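**Student:** Sharing a structure, written as structure tokens. Questions coming.
Protein chains: 2
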Amino acid sequence: MTLSQLRTFARVAKLGSVTGAARALGVSEPAVSAAIASLRAELGDRLFTRTPTGITLTPGGRALAAHADEIVGLAEAARRDVAHAGSSDAELRVLATAAFAEHAAGRIFDLFGKWVAPDSVDVIVESADDIATLLRERAYDIALGARPAMAASAGLELVPFFKYQRVLVASARHPLAAAGAPVTLDRLLTAPWFAGPGGFEPLTEEGRWFGRLTALPEIVELTSETDAVAAVAAGEGVMLALGHAVAPRLRTDDSGDLVRLHVAQTPISGLWWATTLDAGRAPEPARTLQRFVTTAEATAAIVSATGSRGLSRRGGKFHVALWS
Amino acid sequence: MTLSQLRTFARVAKLGSVTGAARALGVSEPAVSAAIASLRAELGDRLFTRTPTGITLTPGGRALAAHADEIVGLAEAARRDVAHAGSSDAELRVLATAAFAEHAAGRIFDLFGKWVAPDSVDVIVESADDIATLLRERAYDIALGARPAMAASAGLELVPFFKYQRVLVASARHPLAAAGAPVTLDRLLTAPWFAGPGGFEPLTEEGRWFGRLTALPEIVELTSETDAVAAVAAGEGVMLALGHAVAPRLRTDDSGDLVRLHVAQTPISGLWWATTLDAGRAPEPARTLQRFVTTAEATAAIVSATGSRGLSRRGGKFHVALWS
DNA sequence: CATCGACATAAGCGAAGGGTTATGAGGCCA
DNA sequence: TGGCCTCATAACCCTTCGCTTATGTCGATG
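Keeping their order, the protein sequence lines are chains A and B. The first sequence begins at 4 in our numbering and counts up one residue at a time. The second sequence begins at 4 in our numbering and counts up one residue at a time.
Here it is as structure tokens:
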């Protein structure tokens, strides 16, 4: 039983396919088969069996899969900890959902850098799903934004830190906004809906709301919600915007270029969560950040519209070197 | 970085000696050196340096040592879980201090077997120190009896479940017991002190008490406290006996063949603790047993003097196959 | 100064590990 | 029935692991 074999098995178990795992790992299919065969021989368990539709894990396979991620993750963590031990530049790997990354990450990490000793944390922000697994295999130290799927949250420490609202907005000049009266959803679905990267992520409240719709509008994904708001302001469609972000632009009397559309079941309230591994398994900086985001100071920073150093995009992932 | 290398490094880190680790692992010293050299090259850290007196870990070495036990322990746990998955005979490995094993384990596990589904747990009881490490490396699922050393208890879940008292007793016919008045410690130290296996374990309250004595008596370790009590009853010396165990034999009026010696700072009160890994890391049966020992039912079983299936000694370790 | 103890290094060896290409074995589907 | 997809196996390669014995280095100690 080697770490490499466990890594391979974990991939097979997750993808439910030997061929798929081989592709994901960038090796030939027999290479994966061989690793599995080796584990099978050593552990005396088939681990999984072939079925008409792909493969299914045996009880032993499930038991191994439950540990495999953790073991390889710990090995990675050990490697990193050794590399960073002694030097003061710890690295904190943050997994953030797109909305948080765009609207709050810059200010939060700016502030966090003043909260903790400077020169102590390096933050990498990346958007992804399957939060629980990524935390468990130590690919990230903390997840900010969406809540992990209920079923997968065992062994995790979840803390809500911000309540956001999403409201449907359109340009003040948009036909739909003409009447001050409520608009029916059906009419709205004829207009294009703008969204940030990722569209409506299913783990978010708005994602679930959207998933419940019977008919779907045309969705236009832009590279940021800021761009989406701009498009909406130009009269090109509607969007579910973050309430506190567009509040200054909402028309009250005669100011503001956007109007809120009063549709049933809006505004949509959701929570941003800070998720880490539980108890002694989360690295200390992650716990510190988790505590920090729940402070009044952090909340104030999120809602404030004042300047923040944004996140710079770099090679597909956001990377903010706070004290490089 | 292989599991074998981590195992080797963990041993070196724990023993503080390459040669010692080689002996412990049953291999030659260069074999250990080579494993370390491999880790050093891969991780880019010396891990430890030579000092006049043995070796000392570098910061990186400490970081690795903190993970190594856990990783190899998890790998072992995975191996076991796969082996036992599907079949109903889980195995619960219990680490018990000698006193608990002798006086309570039999009845506790008897009862526990009725509490949980029969045919579901197999218990191995073994006496040892360094509780925290043994739990962390998954050599045992739960420790019953002494409390782990304070410093090492991070990441552990400690629950006290029984308050015991130790009293100094002697035969009713012993010269020291002649006067009903308090006896001075100095006089007692001239008599031989009987004890169970292990003598006075330093992690227990009586061990600490004993460690504070300025002069030490002659200590006679017998294979069980029951034997020790018998020797004391025969007038051969004194002992620190468990209060609830000898209570029926203590002379009140004219019954009983033992008398309590009223010495300052006695009786000594101590706690038995049930210790597991915290949060999601402890196997479920271990948590169940941990909860069980705190029940009134379990406490009653410990103090009751009625029959229990004792633990059978087998090859140096206690082994009780409850439902073999 | 010589020696001894403890770690590091060298050389060498068998056994796995991890990879490839080629081929076999089964179940699904047109 | 004949592809076709997927997993399993065979044959073969090279590298690494893990172990040995022999020797080197270095500091403490008599």
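Each residue gets a CB set at the ideal place from its N, CA and C atoms; glycine is no exception. Here the structure is a predicted model, which means the values were calculated and not measured.
(1) Taking the Cβ atom as the reference point for each residue, do P220/A and A194/A lie within a distance shorter than 8 Å?
(2) Quick one: does L67/A have its CB under 8 Å from some CB of chain B?
(3) Go ahead and label E287/B buried or exposed: buried means 16 or more other beta carbons lie within 10 angstroms of its beta carbon, across all protein chains shown.
(4) Taking a contact to mean a Cβ-Cβ separation below 8 Å, would you say A68/B touches A154/B in this structure?
(5) Take V75/A and list the residues in its own chain whose beta-carbon comes closer than 7 Å to its own, dropping the five residues that flank it on each side.
(6) Comparing the CB of T11/B with every heavy atom of the ligand PLP, is any distance shorter than 7 Å?
(7) Does any CB atom of chain A fall closer than 8 Å to the CB of E73/B?
(8) Spatial neighbours of S307/B within its chain, please: CB distance less than 8 Å, with the 5 preceding and 5 following residues excluded, ordered by chain position.
(9) From what residue to what residue does the beta strand (DSSP E) around L147/A run?
(10) Distance check for L147/A and D125/A, CA to CA, integer angstroms please.
(11) Would you check if the distance between the CB atom of V170/A and the CB atom of P270/A is smaller than 8 Å?
(12) From the beta carbon of V162/B, is the nearest beta carbon of chain A less than 8 Å away?
(13) Where does the unbroken alpha helix (DSSP H) through R294/B begin, and where does it stop?
(14) With a cut-off of 8 Å, does the C-beta of S315/A fall near any C-beta of chain B?
(15) At the 8 Å Cβ level, is H247/B part of the contact set with chain A, yes or no?
(16) Which two residues bound the contiguous alpha helix (DSSP H) that contains R43/A?
(17) Taking C-beta to C-beta, are F264/B and A131/B nearer than 8 Å?
(18) Report the three-state DSSP secondary structure of R82/A (helix, strand or coil).
(19) In chain order, what residues of the same chain have a beta carbon less than 6 Å from the beta carbon of K320/B, not counting five sequence neighbours either side?
(20) From this set, D133/A, A78/A, T136/A, V21/A, which residue's C-alpha is nearest T52/A's C-alpha?
(21) Identify the continuous alpha helix (DSSP H) that holds A198/B and give its terminal residues.
(22) Does any residue of chain A have a CB that is nearer than 8 Å to the CB of V384/B?
(23) Alpha carbons only, please: which of I134/B, F164/B, A175/B is nearest the one belonging to A157/B?
(24) Can you tell me the Cα-Cα spacing of G29/B and M4/B, whole angstroms?
(25) Going by CA-CA distance only, name the one from V85/B, T291/B, G19/B that's closest to P55/B.
(26) Going by beta carbon distance, what residues of the same chain come within less than 6 Å of K166/B, once the five residues before and after it are set aside?
(27) Which value, in whole angstroms, describes the spacing of the CA atoms of P151/B and D281/B?
(28) How should A80/B be labelled, buried or exposed, when 16 other C-beta atoms within 10 angstroms of its C-beta is the threshold for buried?
(29) Given L60/A, which residues of its chain have a CB within under 8 Å of its CB, disregarding the five upstream and five downstream residues?
(30) Against chain B, with Cβ distances strictly below 8 Å, would R82/A count as a contact?
(31) Classify L171/B as helix, strand or coil using the three-state DSSP reduction.
(32) Take the Cβ of L216/B as the centre, count every other Cβ of all protein chains shown within 10 Å, and call the residue buried at 16 or more, exposed below.
(33) Taking buried to mean at least 16 other C-beta atoms within 10 Å of its own C-beta, is D48/B buried or exposed?
(34) Does T302/A get closer than 8 Å to chain B when you measure Cβ to Cβ?
(35) What do you reckon, are the CB atoms on F203/A and A234/A nearer than 8 Å?
(36) So, helix, strand or coil for S272/A, using DSSP?
**Tutor:** Taking the geometry as given:
(1) Position 217 of the first sequence holds residue 220/A. Position 191 of the first sequence holds residue 194/A. Contact: yes.
(2) Position 64 of the first sequence, counted from the first residue, corresponds to residue 67/A. Judged by the 8 Å Cβ criterion, L67/A is in contact with chain B.
(3) If you number the second sequence from 1, residue 287/B lands on position 284. E287/B is exposed by the Cβ-count criterion.
(4) To locate residue 68/B, count along the second sequence from 1; it is residue 65. To locate residue 154/B, count along the second sequence from 1; it is residue 151. Cβ atoms of A68/B and A154/B: not closer than 8 Å.
(5) To locate residue 75/A, count along the first sequence from 1; it is residue 72. Within the same chain, V75/A has close Cβ partners L6, L9, R10, A13, E140.
(6) Ligands are entirely absent from the displayed structure, and the ligand PLP is therefore not among its contents.
(7) Along the second sequence, read from residue 1 onward, the residue named residue 73/B stands at position 70. Judged by the 8 Å Cβ criterion, E73/B is in contact with chain A.
(8) As a working mapping, residue 307/B is identified with position 304 in the second sequence. So the list reads R110, once near-sequence residues are dropped.
(9) Here residue 147/A refers to the residue found at position 144 when the first sequence is read from its first residue. Element bounds for L147/A: 145–148.
(10) Counting from one through the first sequence, the residue named residue 125/A turns up at place 122. Counting from one through the first sequence, the residue named residue 147/A turns up at place 144. Rounded to whole angstroms, D125/A to L147/A spans 16 Å at the Cα level.
(11) What you label residue 170/A is simply residue 167 of the first sequence in a count that begins at 1. What you label residue 270/A is simply residue 267 of the first sequence in a count that begins at 1. Yes, they are a contact pair.
(12) Position 159 of the second sequence, counted from the first residue, corresponds to residue 162/B. No - not a single Cβ of chain A is within 8 Å of the one on V162/B.
(13) In the second sequence, residue 294/B corresponds to position 291, counting from 1. Note, R294/B: alpha helix (DSSP H), 287–296.
(14) For the purposes of this step, residue 315/A is identified with residue 312 of the first sequence, where counting begins at 1. Because the pLDDT of S315/A is 48, which lies under 50, any placement of that residue in the model is unreliable, and the question is left without a value.
(15) Your numbering for residue 247/B matches position 244 in the second sequence. No, H247/B does not count as interfacial toward chain A.
(16) Translated into positions along the first sequence, residue 43/A becomes position 40. Residues 32–46.
(17) Start at 1 with the first residue of the second sequence, and residue 264/B comes out as number 261. Start at 1 with the first residue of the second sequence, and residue 131/B comes out as number 128. According to the sequence displayed, residue 264/B carries Leu and not Phe. No, Cβ-Cβ distance for L264/B and A131/B is not below 8 Å.
(18) As a working note, residue 82/A is residue 79 in the first sequence. Three-state DSSP puts R82/A in a helix.
(19) Residue 320/B sits at position 317 when you count from the first residue of the second sequence. Per-residue confidence for K320/B stands at a pLDDT of 43, beneath the threshold of 50, marking its modelled position as unreliable; no derived number is given.
(20) Taking the first residue of the first sequence as position 1, residue 52/A is located at position 49. Looking at the Cα atoms, V21/A is the closest of the given residues.
(21) Residue mapping note: residue 198/B aligns to position 195 of the second sequence, counting from 1. No alpha helix (DSSP H) holds A198/B; the beta strand (DSSP E) holding it covers 196–198.
(22) Here chain B covers residues 4 to 327 and nothing more, so residue 384/B does not appear.
(23) Walking along the second sequence from the start, residue 157/B turns up at place 154. Selected option, being the one with the closest Cα: I134/B.
(24) As a working mapping, residue 29/B is identified with position 26 in the second sequence. As a working mapping, residue 4/B is identified with position 1 in the second sequence. Each residue's alpha carbon lies about 21 Å from the other.
(25) One-based indexing of the second sequence puts residue 55/B at position 52. Ranking V85/B, T291/B, G19/B by Cα distance to P55/B puts G19/B first.
(26) Translated into positions along the second sequence, residue 166/B becomes position 163. L274, listed in sequence order.
(27) Numbered from 1 along the second sequence, position 148 holds the residue referred to as residue 151/B. Numbered from 1 along the second sequence, position 278 holds the residue referred to as residue 281/B. Those two C-alpha atoms are separated by around 14 Å.
(28) The sequence position of residue 80/B within the second sequence is 77, counting from 1. The residue in question, A80/B, is buried, as its Cβ has 16 or more Cβ neighbours within 10 Å.
(29) Stepping through the first sequence from its first residue, residue 60/A is reached at position 57. Excluding residues within five positions, the ones whose Cβ falls inside 8 Å are A16, L50, F51, A68.
(30) Taking the first residue of the first sequence as position 1, residue 82/A is located at position 79. It does; some Cβ of chain B falls within 8 Å.
(31) Here the question's residue 171/B lines up with position 168 in the second sequence. In this structure, L171/B counts as strand in the three-state DSSP scheme.
(32) Taking the first residue of the second sequence as 1, we reach residue 216/B at position 213. With fewer than 16 Cβ atoms within 10 Å of its Cβ, L216/B is classed as exposed.
(33) Start at 1 with the first residue of the second sequence, and residue 48/B comes out as number 45. It counts as buried.
(34) In the first sequence, counting from the first residue as 1, residue 302/A sits at position 299. With 8 Å as the cut-off, T302/A does not count as an interface residue toward chain B.
(35) In the first sequence, counting from the first residue as 1, residue 203/A sits at position 200. In the first sequence, counting from the first residue as 1, residue 234/A sits at position 231. In this structure, A234/A does not lie closer than 8 Å to F203/A by Cβ.
(36) Here residue 272/A refers to the residue found at position 269 when the first sequence is read from its first residue. Strand, per DSSP.
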